[in-house]
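Accompanying notes for the structure given below.
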Amino acid sequence: MMIRIKREADDLEIHAGGQRLVIPEHYQRPRLLTLDPMRSRFSKRRSTLFHLQHQLHMMTGWLGMAMHAERVLHEAKGMKDGDTSEIKV
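The opening position of the sequence shown corresponds to residue 1 in the UniProt record's numbering, with each subsequent residue numbered one higher.
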């Protein structure tokens, strides 16, 4: 199985198991002030990690996919607009 990561402007697009997930505004800098209690409790990266772990599990139906979320975010860190990367699972 492959996980394909693609950057489109500020969004991160992830394809796995025939499913597609878009994390909107992933590459935008976090706001300094927010009224959302969940955002103030966790950093943007940590809340994205929790969200991605859940979504990878739901996309594939395989709980083991959640452990690849950290690797996906690490791979996406240095991507520029239009870049594509693949992770073999």
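Glycine included, each C-beta is placed from N, C-alpha and C at the ideal position.
Quick check on DSSP: helix, strand or coil for residue i?
| i | result |
| --- | --- |
| Glu86 | strand |
| Gln28 | coil |
| Lys44 | helix |
| residue 144 | Only positions 1 to 89 of the chain appear in the structure, and residue 144 is not among them; the question remains open. |
| Ala9 | coil |
Judging by CA-CA distance, which residue of the options is the nearest neighbour of residue i?
| i | options | result |
| --- | --- | --- |
| Ala9 | Gln19, Gly61 and Ala76 | Ala76 |
| His57 | Ser47, Thr48, Arg46 and Ala69 | Ala69 |
| Met67 | Asp11, Met79 and His51 | His51 |
Check whether the Cβ atoms of residue i and residue j sit closer than 9 Å, and answer yes or no.
| i | j | result |
| --- | --- | --- |
| Ile23 | Val89 | no |
| Gly61 | Arg7 | no |
| Gln53 | Leu21 | no |
Between residue i and residue j, what straight-line distance do the alpha-carbon atoms span, to the nearest angstrom?
| i | j | result |
| --- | --- | --- |
| His26 | Val72 | 12 Å |
| His15 | Thr84 | 11 Å |
| Gln28 | Leu63 | 29 Å |
Pull up the CB-CB distance for residue i and residue j, whole angstroms please, since I reckon it's below 8 Å.
| i | j | result |
| --- | --- | --- |
| Met59 | Gly17 | 6 Å |
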